[in-house]
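Asks:
There are 2 protein chains.
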Amino acid sequence: MSVLLGAIEAGGTKFVCVVARDAATILAERRVATTTPAATLGAVEDFFATVSSEMGALSAIGIASFGPLDIRRSSPTYGHLLATPKPGWANADLAARFATRFACPVVLDTDVNAAALAEALHGAARGCGVVVYVTVGTGIGGGIVVRGRAVHGALHPEMGHIRVLRHERDRERSGVCAFHGDCIEGLASGGAIRARYGAPLDRLPAGHEAPEIVGYYLGQLAATIVLMISPERIVFGGGVMNNDRVLPELRSTAARLLNGYLPFAKWPSSLDELIVGPGLGERSGIVGAITLAEAARI
Amino acid sequence: MSVLLGAIEAGGTKFVCVVARDAATILAERRVATTTPAATLGAVEDFFATVSSEMGALSAIGIASFGPLDIRRSSPTYGHLLATPKPGWANADLAARFATRFACPVVLDTDVNAAALAEALHGAARGCGVVVYVTVGTGIGGGIVVRGRAVHGALHPEMGHIRVLRHERDRERSGVCAFHGDCIEGLASGGAIRARYGAPLDRLPAGHEAPEIVGYYLGQLAATIVLMISPERIVFGGGVMNNDRVLPELRSTAARLLNGYLPFAKWPSSLDELIVGPGLGERSGIVGAITLAEAARI
């Protein structure tokens, strides 16, 4: 009998759920709106139960979720969301009902750790031992994969909250992060862009300064990642990166800051290979969740 | 027959060499001045040969070296120094003559990666899965250990070169780093302190502002490490940290920057456990080299 895996990409607006044989073979898919934990998790459970009644028992379930999330395997609250600002979801247990109902292992990780894993195994960072994935969307977060596994540590990376230097033409408003003001998320996230310019990047006129300024902040993050972790590849995904001026601006700022110091990160050729867009597009989260389920089965 | 390991801590002023059974059992030790590669490496070879003639063949040799260093196992120049400013040492091959003479595996890593390994296995970070070690001496560098092994990636971490915000009372001189000016090494290393104040920290009068300013820069690095990697412990070692005001200033800056965002990094109790001094003192480099030799033997 073939293996059957459940996978969930849990997001702030929707949960993407699939049943799959492996990362390349998705058999069924459903999207569920993120409302309350009871309603959303219940609908996901119903989907898995329906598919399972037709196809057989699930071997494992992988969940890639927004955070902050308790991913310490030894913790009594493993699989719980922590102090998320998302109303009703703080302390929600994402794992228990699935483990009980389907009597199979449930493995969770953050959406960005899962996306890093997916890009490292199946996407733009295949063959790389040290990989960083950064999503630039409503918020900014990152995940790190070393030798095929996500790095957890005390919690999980929260690299969107690193402070950056202000752009010389962007000094008047403070950043929107409630904790840090001028951190990267506070200055370059989708939320920060809407607060500053009144619209997302794709609604601003051609030639607008916003992609340059956003790229300047993200380039500081990229340079810091390169110096801190020495990754073989950094993948930048998320909605803000869909603007095609952001990645070149980001690379050019990173090159200027690194200033030729590192032979593997010189402008332009090696930086173009080091800092890239996602190979899996918007599928890296759900592919990562499938990968988590595959690993759980072993 | 018991195992016999050679280990070298290769530094800019001296090479510390030992023959050991394991990290806790050192049988012989010698210090050799760092002059030319031929003279220094020759003297180290003589020491190993003498001890080996009395005690038996070496099973493996571990080398913890200053950098930048080629530590990619698959590289044709594995074990060579790269573009170090140390006269005569650029492109020096640290590994080949030992491998040839003693016919045993030779494993190299950077001094800070080796120190991170030593602190993770035998020192202040025992039991931690994700560990960062930072040395603050003539220069500033860091190493990362994940699940018992150092993280290499494209090269190795160069976290001393991350840019930082200037302290409000330290705006006049630029930092001393030839590549980046105002990076952490350019502002808070032993070299930067001597350039700015004309003396090392331990020769400045009590109550001098220098430890506060140095701690401010190092605290930015600590906060960035916490957000980027989520380590369970960060160990700060090196000569500058011998000043007992630096670590408290560093922690207090990190706490201010993190601003209570991370439950595991709140001021003061959990930050005092997260950010610590070395458990092995000045021995972390050589203990790390022994650990590299132990791993090479497996």
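Chains U and W are the protein sequences, given in the same order. My numbering numbers the first residue of the first sequence as 5 and each following residue consecutively. My numbering numbers the first residue of the second sequence as 5 and each following residue consecutively. Backbone N, C-alpha and C define an ideal beta-carbon position, used for all residues, glycine too. Remember, it's a predicted structure, so these values are computed and weren't measured experimentally.
1. Reducing DSSP to helix, strand and coil, say where U/R101 ends up.
2. Residues of chain U with CB closer than 8 Å to the CB of W/P80, please, in chain order.
3. Taking the alpha helix (DSSP H) that W/L225 falls in, what are its first and last residues?
4. How many whole angstroms separate the CB atoms of W/V23 and W/L8, which I take to be in contact at a CB cut-off of 8 Å?
5. Does U/H84 get closer than 7 Å to chain W when you measure Cβ to Cβ?
6. Enumerate in chain order the residues of its own chain whose CB-to-CB distance from U/A27 is below 8 Å, with the five nearest sequence positions on each side excluded.
7. On the DSSP bridge assignment, give the partners of W/E13 in chain order.
8. Can you tell which of W/Y221, W/L231 and W/Y201 has the C-alpha that lies nearest to the C-alpha of W/H212?
9. Against U/G127, what residues of chain W qualify as contacts under a CB-to-CB distance less than 9 Å, listed in chain order?
10. Verify the CB distance criterion: does W/S234 have a CB-CB separation below 7 Å to chain U?
11. For U/H156, which residues from the same chain have a beta carbon less than 6 Å from its beta carbon, with the 5 sequence-adjacent residues on both sides left out?
12. Please report the residue range of the alpha helix (DSSP H) in which U/G190 lies.
13. Classify W/D206: buried if its beta carbon has 16 or more other beta carbons within 10 angstroms, exposed otherwise.
14. On a Cα-Cα basis, can you pick out the residue from U/R77, U/T38, U/A100 and U/A128 that is closest to U/R237?
15. Using a C-beta to C-beta distance shorter than 8 Å, which residues of chain C count as neighbours of W/N117?
16. Compute the distance between the beta-carbons of U/C187 and U/H165, then report whether it is under 7 Å.
17. On a Cα-Cα basis, can you pick out the residue from U/L73, U/L112 and U/V239 that is closest to U/V280?
18. Pull up the distance between the alpha-carbon of U/G60 and that of U/P209, whole angstroms please.
19. Going by the beta-carbon positions, is the gap between W/P235 and W/V134 smaller than 7 Å?
20. Mind checking U/G264: buried by the 16 CB within 10 Å criterion, or exposed?
21. Secondary structure at W/Y137, three-state DSSP: helix, strand or coil?
22. Quick one: Cα of U/S57 to Cα of U/T40, how far?
23. If you measure from the beta carbon of U/E157 to each beta carbon in chain W, is any gap under 7 Å?
24. Just list the residues that DSSP pairs U/V110 with in beta bridges.
25. Which residue or residues does DSSP assign as beta-bridge partners of W/E253?
26. With burial defined as no fewer than 16 other Cβ atoms inside 10 Å of the residue's Cβ, what is the status of U/T257: buried or exposed?
27. I'd like to know whether the C-beta atoms of U/V230 and U/V140 end up nearer to each other than 7 Å.
28. Quick check: the region 100 to 113 of chain U against the region 62 to 71 of chain U, are at least 3 beta-carbon pairs closer than 8 Å?
29. Can you tell me whether U/S53 is buried or exposed? The criterion is at least 16 other CB atoms within 10 Å of its CB, across all chains shown.
30. Are any of the Cβ atoms in chain W nearer than 7 Å to that of U/M218?
31. Closer than 8 Å by beta-carbon distance: list the chain U residues that pair up with W/G133, in chain order.
32. Compare the Cα-Cα distances from W/V138 to each of W/V168, W/G152, W/E189 and W/S178 and report the closest residue.
33. Are any of the Cβ atoms in chain U nearer than 7 Å to that of W/N263?
34. Using a cut-off of 9 Å between C-beta atoms, extract the partners of U/T228 located in chain W.
35. By the criterion of Cβ-Cβ separation under 7 Å, what are the contact partners of W/F268 in chain U?
36. Who does W/T29 pair with in a DSSP beta bridge?
Replies: With the structure as the only source:
1. helix
2. Going along chain U, no residue has its Cβ under 8 Å from W/P80, so there is no contact; the nearest lies around 15 Å.
3. A214 to I233
4. Their Cβ separation, rounded to whole angstroms, is 6 Å, which keeps W/V23 and W/L8 in contact under 8 Å.
5. no
6. These residues qualify, in order along the chain: A122, L125, H126, V291, I294, T295 and E298.
7. DSSP output for W/E13 lists W/V20 and W/A68 as bridge partner(s).
8. Nearest C-alpha to W/H212: W/Y201.
9. Under the 9 Å cutoff, chain W gives no residues; its nearest Cβ is about 17 Å from U/G127.
10. Yes, its Cβ sits closer than 7 Å to a Cβ of chain U.
11. I75
12. Unbroken alpha helix (DSSP H) run through U/G190: I188 to A192.
13. exposed
14. U/A128
15. Note that chain C does not occur in the displayed structure, where the protein chains are U and W.
16. yes
17. U/V239
18. 52 Å
19. Contact: yes.
20. Burial call: exposed.
21. strand
22. Roughly 26 Å separates the two Cα atoms.
23. Sequence inspection shows Gly at residue 157 of chain U; the Glu mentioned does not correspond to that position. Judged by the 7 Å Cβ criterion, U/G157 is in contact with chain W.
24. According to DSSP, which records beta bridges pairwise, U/V110 is partnered with U/I65.
25. According to DSSP, which records beta bridges pairwise, W/E253 is partnered with nothing at all.
26. With 16 or more other Cβ atoms within 10 Å, it is buried.
27. no
28. Segments in contact, yes.
29. The identity of residue 53 of chain U in the sequence shown is Ala, whereas the question assumes Ser. Classification for U/A53: exposed.
30. In the sequence as displayed, the identity of residue 218 of chain U is Val instead of Met. Cβ-Cβ to chain W under 7 Å: no for U/V218.
31. H156 and G157
32. W/E189
33. yes
34. M163, I166, R167, T228 and M232
35. Counting only Cβ-Cβ distances below 7 Å, W/F268 has contacts in chain U at A158 and L159, in chain order.
36. W/D26
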